[in-house]
Amino acid sequence: MPLQQTIKYEADRDPHFADWIQSVAGGENLRQCIQCGLCSATCPLSLYMDYTPRRLINLAREGFKKEVLSSFTIWLCASCYACRAECPKQIKVTDIMYTLKRRAIQENAFPKRFPIPVLAREFGKMVFTFGRVNETLLVIDLFLRTNWLRFLSMTGLGLNLMRTGRMSFLPESIKRREELRKILGSLEGKDEFLTWAGPVAKLLDEKEMLK
Ligand code: SF4
Ligand code: SF4
131 MPLQQTIKYE
141 ADRDPHFADW
151 IQSVAGGENL
161 RQCIQCGLCS
171 ATCPLSLYMD
181 YTPRRLINLA
191 REGFKKEVLS
201 SFTIWLCASC
211 YACRAECPKQ
221 IKVTDIMYTL
231 KRRAIQENAF
241 PKRFPIPVLA
251 REFGKMVFTF
261 GRVNETLLVI
271 DLFLRTNWLR
281 FLSMTGLGLN
291 LMRTGRMSFL
301 PESIKRREEL
311 RKILGSLEGK
321 DEFLTWAGPV
331 AKLLDEKEML
341 K
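Numbers given in my numbering equal positions in the sequence shown, counted from 1, plus 130.
Dropping the structure here:
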């Protein structure tokens with residue numbers, strides 16, 4: 131049985147990780163954290179997180195990128211902003227969580243088969259491709275990527291919803307999709323966005339429009 135490493139070493143750190151977080155809007159005050167723990171005490175979900183918000187901020191500023199990006203914490207964050215409101219150092223914990231989510235998707239570092247990041251990525255891809263989300267296709271895609279056994283158990287419900295017209299198989303699309311892609315491609319975090327949207331754009335032969 132392989133030994134599980136519990137001690138963290140200097141070599142495990144990414145010395146540029148904290149600098150990168152601070153360079154993204156909302157992460158500027160990362161190193162100001164005094165580890166008071168008010169964020170964890172306020173967070174309604176810290177009980178379910180593998181690292182409380184205080185611990186996550188500490189790991190992030192010390193450069194433990196792997197632990198941070200593969201944590202469940204960033205995906206369990208419900209963006210309620212309670213931690214941000216209480217932080218005595220005005221650290222934008224919620225914004226940092228969003229930054230880390232984008233990076234985790236970019237690096238494919240999120241917990242495998244955990245539905246929330248898979249849903250976020252596939253939702254984004256669908257909006258990028260069609261301009262709209264088709265719930266049926268999104269749900270099928272999500273179940274097949276995360277838990278196909280559950281997909282089988284939900285088939286009856288899905289068929290009933292389609293029979294009564296509540297869900298449809300037909301993908302809808304907006305007009306002038308290329309304009310939407312241009313807007314998405316110009317957003318902050320474009321580079322991270324393009325790592326997964328790029329292949330779709332290539333497929334659609336419209337990557338040039340994002341330059
Ligand atoms: S409340 Fe702010 S200063 Fe206190 S531990 Fe959380 S992030 Fe750090
Ligand atoms: S924004 Fe996220 S981390 Fe902060 S208190 Fe709410 S759920 Fe917890």
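Cβ atoms here follow ideal geometry from the backbone N, Cα and C, with glycine treated the same way.
Inset, instruction - Label I221 either buried or exposed according to how many other C-beta atoms from any shown protein chain fall within 10 Å of its C-beta, with 16 as the threshold for buried. - result: Buried: at least 16 other Cβ atoms inside 10 Å.
Inset, instruction - With a cut-off of 7 Å, give the chain-ordered residues whose Cβ is closer than this to any heavy atom of ligand 2. - result: C169, T172, C173, P174, L175, S176, P183, C207, A208, S209, C210, Y211, A212, C213, R214, V223, T224 and M227
Inset, instruction - Would you verify that the beta carbon of V248 is, or is not, closer than 9 Å to some beta carbon of chain C? - result: Protein chain content of the structure displayed is limited to a single chain, and chain C is not contained in it.
Inset, instruction - Would you tell me roughly how many angstroms separate the C-alpha atoms of T224 and T276, rounded to the nearest one? - result: 26 Å
Legend entry - N- and C-terminal bounds of the alpha helix (DSSP H) containing V263: First-last for V263: undefined, no H or E at that position.
Inset, instruction - Return yes when the C-beta of Q152 is under 8 Å from any heavy atom of ligand 1, and no when it is not. - result: no
Inset, instruction - Taking G167 as part of the alpha helix (DSSP H), name the residues at either end of that continuous run. - result: Premise fails: G167 is in no alpha helix (DSSP H) and is neither H nor E.
Legend entry - Endpoints, the alpha helix (DSSP H) within which P183 is located: P183 to R191
Inset, instruction - Please indicate yes or no: does the CB of G156 lie closer than 8 Å to some heavy atom of ligand 1? - result: no
Legend entry - Through-space distance from K242 to F273, alpha-carbon basis: 13 Å
Inset, instruction - Go through its chain and collect everything with a Cβ distance to D271's Cβ below 7 Å, but skip five positions before and after it. - result: Leaving aside the five residues that flank D271 on each side, the residues in its chain whose CB is nearer than 7 Å to its CB run, in chain order, E252.
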